[in-house]
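> Here the protein sequences come in this chain order: X and U.
Residue numbers for the first sequence follow the working numbering, beginning at 16 and rising by one.
Residue numbers for the second sequence follow the working numbering, beginning at 6 and rising by one.
For glycine and all other residues, C-beta sits at the position ideal for the given N, C-alpha and C.
The structure that follows is given in the form of structure tokens.
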Amino acid sequence: MDPQSTLPFLLMLAWLTPLASFVAIVLFGKYMGPHGKFGGYLATLAIVTSAVLSFTALFGVWLPNYPIKETHHVEHGEPASAGGAAHDHADEHTVTEDARAEDADPHHHVDPTINNEAPAYISGNWYTLGQFGDLKLTIGYYIDALTVGMFCMVTLIASCVHFYAIGYMHDELHEPFVDHEVTLSNGEHLHRKGRFYRFFQYLSLFCFSMLGIVIAGNIAMVFCFWELVGITSYFLIGFYIERKSASTAANKAFIVNRVGDFGMLIGMMALWSSIGTFNFGDIKNTEGQVVEAGVFSQLRTAENDYHIVPPQGMIEEEIRDFGESASAGGEELADTEPKNRAGQWLLFIAGVGIFCGCVGKSAQFPLHVWLPDAMEGPTPVSALVHSATMVAAGVYLVGRCYPIFTPEALLVIAYIGSITAIIAATIAITATDIKRVLAYSTVSQLGYMMLALGLGGWVAGIFHLITHAFFKGLLFMCSGSVIHAVHTNDMTYMGGLRKKMPITAYTMLIGCLAIIGAGIPFTNIGFSGYFSKDAIIEQAWNYADKSPQHSLFLKWFPVVGAAVTAFYMFRLWYMTFAGKPRDHHRFDHAHESPRVMTTPLIVLSIFAIAIGWPIFGVYDMLDQTRPLGTLATAQGELWDVVVPNELLSHEPNLKQPAAIAAITAAGTGLLLSTIIYLWGFLNPAELKQSFKPLHTFLWNKWYFDELYHYIFVKPALWIGGFAAWFDRGIIDSIIHGAAAICRGISKVVDFLFDQTVVDGTVNTFASGTWGLGLWLRRLQTGNLRQYVMFIVVGTVLLFVAITFVQSYLVPT
Amino acid sequence: MFDIPFENSWPIANILTEPVGVAHYVSVGAVLFVCGALCMATKRNALGVLMGIELVLNGANLNFVAFGSQYLRADEHSLGLDGQLIALFVIVLAAAEAAVALAIVLNFYNSHDSIDVDHADQLSG
Numbered sequence: 016m017d018p019q020s021t022l023p024f025l026l027m028l029a030w031l032t033p034l035a036s037f038v039a040i041v042l043f044g045k046y047m048g049p050h051g052k053f054g055g056y057l058a059t060l061a062i063v064t065s066a067v068l069s070f071t072a073l074f075g076v077w078l079p080n081y082p083i084k085e086t087h088h089v090e091h092g093e094p095a096s097a098g099g100a101a102h103d104h105a106d107e108h109t110v111t112e113d114a115r116a117e118d119a120d121p122h123h124h125v126d127p128t129i130n131n132e133a134p135a136y137i138s139g140n141w142y143t144l145g146q147f148g149d150l151k152l153t154i155g156y157y158i159d160a161l162t163v164g165m166f167c168m169v170t171l172i173a174s175c176v177h178f179y180a181i182g183y184m185h186d187e188l189h190e191p192f193v194d195h196e197v198t199l200s201n202g203e204h205l206h207r208k209g210r211f212y213r214f215f216q217y218l219s220l221f222c223f224s225m226l227g228i229v230i231a232g233n234i235a236m237v238f239c240f241w242e243l244v245g246i247t248s249y250f251l252i253g254f255y256i257e258r259k260s261a262s263t264a265a266n267k268a269f270i271v272n273r274v275g276d277f278g279m280l281i282g283m284m285a286l287w288s289s290i291g292t293f294n295f296g297d298i299k300n301t302e303g304q305v306v307e308a309g310v311f312s313q314l315r316t317a318e319n320d321y322h323i324v325p326p327q328g329m330i331e332e333e334i335r336d337f338g339e340s341a342s343a344g345g346e347e348l349a350d351t352e353p354k355n356r357a358g359q360w361l362l363f364i365a366g367v368g369i370f371c372g373c374v375g376k377s378a379q380f381p382l383h384v385w386l387p388d389a390m391e392g393p394t395p396v397s398a399l400v401h402s403a404t405m406v407a408a409g410v411y412l413v414g415r416c417y418p419i420f421t422p423e424a425l426l427v428i429a430y431i432g433s434i435t436a437i438i439a440a441t442i443a444i445t446a447t448d449i450k451r452v453l454a455y456s457t458v459s460q461l462g463y464m465m466l467a468l469g470l471g472g473w474v475a476g477i478f479h480l481i482t483h484a485f486f487k488g489l490l491f492m493c494s495g496s497v498i499h500a501v502h503t504n505d506m507t508y509m510g511g512l513r514k515k516m517p518i519t520a521y522t523m524l525i526g527c528l529a530i531i532g533a534g535i536p537f538t539n540i541g542f543s544g545y546f547s548k549d550a551i552i553e554q555a556w557n558y559a560d561k562s563p564q565h566s567l568f569l570k571w572f573p574v575v576g577a578a579v580t581a582f583y584m585f586r587l588w589y590m591t592f593a594g595k596p597r598d599h600h601r602f603d604h605a606h607e608s609p610r611v612m613t614t615p616l617i618v619l620s621i622f623a624i625a626i627g628w629p630i631f632g633v634y635d636m637l638d639q640t641r642p643l644g645t646l647a648t649a650q651g652e653l654w655d656v657v658v659p660n661e662l663l664s665h666e667p668n669l670k671q672p673a674a675i676a677a678i679t680a681a682g683t684g685l686l687l688s689t690i691i692y693l694w695g696f697l698n699p700a701e702l703k704q705s706f707k708p709l710h711t712f713l714w715n716k717w718y719f720d721e722l723y724h725y726i727f728v729k730p731a732l733w734i735g736g737f738a739a740w741f742d743r744g745i746i747d748s749i750i751h752g753a754a755a756i757c758r759g760i761s762k763v764v765d766f767l768f769d770q771t772v773v774d775g776t777v778n779t780f781a782s783g784t785w786g787l788g789l790w791l792r793r794l795q796t797g798n799l800r801q802y803v804m805f806i807v808v809g810t811v812l813l814f815v816a817i818t819f820v821q822s823y824l825v826p827t
Numbered sequence: 006m007f008d009i010p011f012e013n014s015w016p017i018a019n020i021l022t023e024p025v026g027v028a029h030y031v032s033v034g035a036v037l038f039v040c041g042a043l044c045m046a047t048k049r050n051a052l053g054v055l056m057g058i059e060l061v062l063n064g065a066n067l068n069f070v071a072f073g074s075q076y077l078r079a080d081e082h083s084l085g086l087d088g089q090l091i092a093l094f095v096i097v098l099a100a101a102e103a104a105v106a107l108a109i110v111l112n113f114y115n116s117h118d119s120i121d122v123d124h125a126d127q128l129s130g
């Protein structure tokens, strides 16, 4: 099959199927079975169809045409000694003899200066929305291995979540649905209609939008779907709209995201005005010639060895915007610095701008505050939207736009990611709401992905995105299963549930082991997180090796974060499933969830274990779809930044200590958590007491909400209050005064002019007509003979008059 | 033959001297018309008024017939029956009118016990 035509078609079908389901449920959801039950089945069917189409695209079209080449870089945890005997795991691969021969001496060929060309991709436009001179807005596609892989990941997890949600949202099928968290003024709980079908309607819309982001061929289209996932997220967080916390959280998510989107708009404008296109890839005609060059290939041309160099349009635009001095970096610098700075600032702004959107969507510091509150939504939403897919869209976009970022922008990304990872991880230590712990864990893991991307570890970051989606979706669905059983989010009411709900407990244990990166160092045995997290830490050490001044933030923070992650994840698991029940009433009523909920857990736990295994080639596939020109070690032009070649992270002298550090950190966290929460050698309450200030600080989430409340919310309220006072007090009184004056003037005019002149004229005409009518009335005698006389006399008179006129007045 | 002054500008003289022509018809029509009009104007009896109407219509009919004469026509291509046809229409109209008018008169008589048109002044202004 020709991938140029079949892939866009297949993926378009997979993309539009959830839209069809959404439209059908919007229009007819109410009539689909009792309480809209079949609406849920329809949405599930649609997403399963998408999943089948996506996997067909991957295994039926993509892989046969673009097979994964065996490379020696993928092998994980390889021992330092570069001898052939150490490759005991090589049997796991179906490596050819050539590859084996190459393997014998794998790591001494890495030349950090060799740059990569563009990966295999298919790009094109379906429809042109508008054309303004050379500038075009289109609906297009950009399909590479990342797109296809993301399609499979998103549709697979979404399918699991749909099945799970049929069980989880079962309460909504009851009529009336009683919301126990809303108490009305008369002391009763809220009774309302079930909204089962509406939930699935939003899920379908979400799947459509998310797949739209993934398939989009240009940044403008990404932005449209970006906003669409934002609004679906808003709908789903506020699904229990009657709960004040839910509606507030929905608003918070929406408003915080706007802040990020504003930055994204700036980045888009910087790109569009200077490069003149939004397209990621080149649009080629049927002969394979480039018709429209995309952003990537304009920024990284073959003449510059695919290093990022601002094109001429960008330099001109920067001079237009900032003047000559900005592009030259100042007069005095221009003399001393040999580097070419022209256009670099605008490029930096474009990169950071695009990243701002990702900060909002992926809940990075300082816009991370919305994600924990978003847990007010139903748990399937948290699993799908707020952990596995939508929030990962920010990471995906950074990965997709990777060639746009200069080394300086990448440094910003790395720092933001690192700070986010550590802050969120520490907050998660003290949280007792099971979903909030997972939410902060999500923020922290997203921070890791951003960190990896910012450090130049494109493959590591995206790989972690994919593995994380599976195990975090799994963890959330497990927590939902627990909440479903005990009807509370608070872990202080749980405990000992392992015996009541074994499937949930052990699948969640798998999720926890996956997220802390459990595995045996220097081998290929481990959970999926083991591979991806180690890759991130290796790249971090690689980066710090080249620029030691960033060691604290970019080398040690990830390691400390890994320890903290292990600590809070196992704290969560022990508090929920181990030990003795803390609330016997809830414990006695707890039960294992129905099969429709546990089956997706088992499916996802299999993926959480195995998706990272090299035998499945996910890492290889990503490695071969690395964006254009991002492999070689890059130097910053504006200030001193070195982004090292990712292949260097596989060097044994970096890889070994990094792997040891990672596993030690995870082991320390796990051990500490076991000591405190399982064996009880240390009493958590006493610890809390002895670290009171620290605990309060973390319990209040570093006071971010309070800080924002005083910095942004309060001033906004003050300004609003002042504006309201100004409006009511000043503008309204001016308007009222003007109205009173106007009314007075019109009264005078009415008296002087209207009532005399206008009314007089009209009344005179009226009475004249009336009088004439009265006079003419007398002619109408009713006497027939008189009428006849009138006719005769009239005719005669007319005749005489005409004769007279014709004879004397009309000249002949 | 005695001498007639103003021979060309005094048509009455021609009527008296010339053979019967259009002018004679027209004259008779005019007399009929005036008689009818006078009848309508003077009679108080409704039937008398109706008779006057008939006279007026027939006076007009005479004119149509007279002017429809083929001697007045230079057109060779038509049948030359326009005047006669219109006269026939007028006759039919007169018949219809008489029927309606008689019905009105009858009703008037039923309600007023009289057919004096001077009593029929309810439409006065």
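Once the 5 residues before and after E347 (chain X) are set aside, which same chain residues still bring their CB inside 8 Å of it?
Counting from 1 along the first sequence, the entry for residue 347 (chain X) is found at position 332. With a pLDDT of 45 at E347 (chain X), under the threshold of 50, the modelled position of that residue is not reliable, and no figure is offered here.
> Would you call the stretch 594 to 607 of chain X and the stretch 477 to 487 of chain X in contact, with 3 or more CB pairs under 8 Å?
No, the stretch 594 to 607 of chain X does not touch the stretch 477 to 487 of chain X.
> Taking 8 Å as the CB-CB limit, is F752 (chain X) close to chain U?
Locating residue 752 (chain X) in the first sequence gives position 737, counting from the first residue. At residue 752 (chain X) the sequence reads Gly, which differs from the Phe that was named. No, no contact with chain U.
> Just to confirm my understanding: we take A365 (chain X), look at its own chain, exclude 5 residues before and 5 after, and list those with CB closer than 7 Å. What are they?
What you label residue 365 (chain X) is simply residue 350 of the first sequence in a count that begins at 1. Closer than 7 Å at the Cβ level, and outside the excluded window around A365 (chain X), lie G282, A285, L286 and I419.
> Does the distance from the C-beta atom of A92 (chain U) to that of E59 (chain U) stay below 8 Å?
Within the second sequence, the letter at position 87 stands for residue 92 (chain U). Within the second sequence, the letter at position 54 stands for residue 59 (chain U). Not in contact: A92 (chain U) and E59 (chain U) (Cβ atoms no closer than 8 Å).
> Starting from E242 (chain X), trace the alpha helix (DSSP H) in both directions and tell me its first and last residue.
As a first step, residue 242 (chain X) is located in the first sequence; it is residue number 227 there, counting from the start. That run of the alpha helix (DSSP H) goes I234 to I252.
> Let me know the beta strand (DSSP E) ranges lying completely inside the stretch 737 to 825 of chain X, each 3 residues or longer, listed in chain order.
Counting whole runs of 3 or more residues, the stretch 737 to 825 of chain X contains no beta strand (DSSP E) stretch at all.
> Would D118 (chain U) count as contacting chain X if we go by Cβ distances under 8 Å?
Translated into the one-based positions of the second sequence, residue 118 (chain U) becomes position 113. So, not an interface residue.
> Quick one: which chain X residues come within Cβ less than 9 Å of V54 (chain U)?
As a working mapping, residue 54 (chain U) is identified with position 49 in the second sequence. The answer, in chain order, is L799, R800 and V803.
> Does the distance from the CB of I290 (chain X) to the CB of G328 (chain X) come in under 8 Å?
Taking the first residue of the first sequence as position 1, residue 290 (chain X) is located at position 275. Taking the first residue of the first sequence as position 1, residue 328 (chain X) is located at position 313. Contact flag set, yes.
> Looking at chain X, is there any beta carbon in it that lies within less than 8 Å of the beta carbon of T47 (chain U)?
What you label residue 47 (chain U) is simply residue 42 of the second sequence in a count that begins at 1. By this cut-off, T47 (chain U) is an interface position.
> Counting C-beta neighbours from all protein chains within 10 Å, is the total for Q650 (chain X) 16 or more, i.e. buried, or is it exposed?
The residue labelled residue 650 (chain X) in the question sits at position 635 within the first sequence. Exposed, by the Cβ-count rule.
> Apart from the five residues on each side of it in sequence, which residues of its chain come closer than 8 Å, Cβ to Cβ, to P127 (chain X)?
Position 112 of the first sequence holds residue 127 (chain X). Cβ neighbours of P127 (chain X) beyond the five flanking positions: A647, T648, P659, N660, L662 and L663.
> Excluding sequence positions up to five away, which residues of its chain have a Cβ less than 7 Å from the Cβ of M279 (chain X)?
Residue numbering aside, residue 279 (chain X) sits at position 264 when the first sequence is read from its first letter. So the qualifying residues of the chain are F238, G368, I369, C371 and G372.
> By DSSP's criteria, E307 (chain X) is part of a beta bridge. Which residues make up the other side?
For this step, residue 307 (chain X) is matched to residue 292 along the first sequence. In DSSP, E307 (chain X) forms a bridge with X:I298.
> How would you list, in chain order, the residues of chain X whose beta-carbon sits under 7 Å from the beta-carbon of A42 (chain U)?
Walking along the second sequence from the start, residue 42 (chain U) turns up at place 37. By Cβ distance, chain X contributes V803 and V807.
> Check whether the stretch 492 to 501 of chain X and the stretch 550 to 568 of chain X are in contact - that is, three or more C-beta pairs closer than 8 Å.
Contact between the stretch 492 to 501 of chain X and the stretch 550 to 568 of chain X is absent, because fewer than three Cβ pairs lie under 8 Å.
> For S119 (chain U), name the three-state secondary structure that DSSP assigns.
Taking the second sequence and counting its residues from 1, one reaches residue 119 (chain U) at position 114. Note: S119 (chain U) maps to coil in three-state DSSP.
> Between the alpha carbons of T613 (chain X) and F380 (chain X), how many angstroms are there, rounded?
For the purposes of this step, residue 613 (chain X) is taken as residue 598 along the first sequence, with counting starting at 1. For the purposes of this step, residue 380 (chain X) is taken as residue 365 along the first sequence, with counting starting at 1. Taking the straight line joining both Cα atoms gives about 34 Å.
> Between the C-alpha atoms of I750 (chain X) and V773 (chain X), what's the straight-line distance to the nearest angstrom?
Position 735 of the first sequence, counted from the start, is the residue given in the question as residue 750 (chain X). Position 758 of the first sequence, counted from the start, is the residue given in the question as residue 773 (chain X). Answer to the nearest angstrom: the Cα atoms are 30 Å apart.
> Just tell me which of X:A403, X:F214, X:I252 and X:V633 has its CA closest to the CA of I181 (chain X).
Your numbering for residue 181 (chain X) matches position 166 in the first sequence. When only C-alpha atoms are compared, the closest one is X:F214.
> Could you check where the alpha helix (DSSP H) with V828 (chain X) kicks off and where it finishes?
Absent from the structure is residue 828 (chain X), since the part of chain X shown begins at 16 and ends at 827.
> Just mark N115 (chain U) as buried or exposed, buried being the case when its beta carbon has 16 or more other beta carbons within 10 Å.
Working through the second sequence from its first residue, we reach residue 115 (chain U) at position 110. Classification of N115 (chain U): exposed, given that the 10 Å Cβ count is below 16.
> Please go through the same chain and pick out, in chain order, the residues whose beta-carbon is closer than 7 Å to the beta-carbon of N68 (chain U), but skip the five residues on each side of it.
Sequence index remark: in the second sequence, residue 68 (chain U) carries index 63 (1-based). V31 and G34.
> So, at 7 Å on beta carbons, what are the nonlocal neighbours of L382 (chain X) in its own chain, with the 5 sequence-adjacent residues on each side left out?
By one-based count along the first sequence, residue 382 (chain X) stands at place 367. Excluding sequence neighbours, L382 (chain X) sits near V271, V274, G275, V374 and G375.
> Could you pull the DSSP bridge partners for A649 (chain X) from this structure?
By 1-based counting over the first sequence, the position of residue 649 (chain X) is 634. Per DSSP, X:V658.
> Please name the residue or residues paired with G911 (chain X) in a DSSP beta bridge.
There is no way to answer for residue 911 (chain X), as the model of chain X reaches only from 16 to 827.
> Can you give, in chain order, each stretch of the alpha helix (DSSP H) that sits fully within the stretch 390 to 470 of chain X and has at least 4 residues?
Listed in chain order, they are 394 to 398, 405 to 415, 422 to 445 and 449 to 469.
> Please confirm if A99 (chain U) has its CB atom under 8 Å from at least one CB of chain X.
Taking the second sequence and counting its residues from 1, the one referred to as residue 99 (chain U) is at position 94. It does not; no Cβ of chain X falls within 8 Å.
> Please decide whether A125 (chain U) counts as near chain X, where near means a Cβ-Cβ distance under 8 Å.
Your numbering for residue 125 (chain U) matches position 120 in the second sequence. By this cut-off, A125 (chain U) is an interface position.
> Check this for me: beta carbons of I518 (chain X) and L653 (chain X), under 8 Å apart or not?
In the first sequence, counting from the first residue as 1, residue 518 (chain X) sits at position 503. In the first sequence, counting from the first residue as 1, residue 653 (chain X) sits at position 638. Cβ distance not < 8 Å, so I518 (chain X) and L653 (chain X) don't count as in contact.
> How would you list, in chain order, the residues of chain X whose beta-carbon sits under 8 Å from the beta-carbon of V122 (chain U)?
In the second sequence, the residue the question calls residue 122 (chain U) occupies position 117. Here the neighbours are N798, L799 and R800.
> Report the start-end ranges of each alpha helix (DSSP H) in the stretch 468 to 528 of chain X that is 4 residues or longer and not cut off at the edges.
Counting only runs of 4 or more, we get 473 to 501.
> Quick one: is L767 (chain X) buried, meaning 16 or more other Cβ sit within 10 Å of its Cβ, or exposed?
Here residue 767 (chain X) refers to the residue found at position 752 of the first sequence. By the 10 Å Cβ count, L767 (chain X) comes out exposed.
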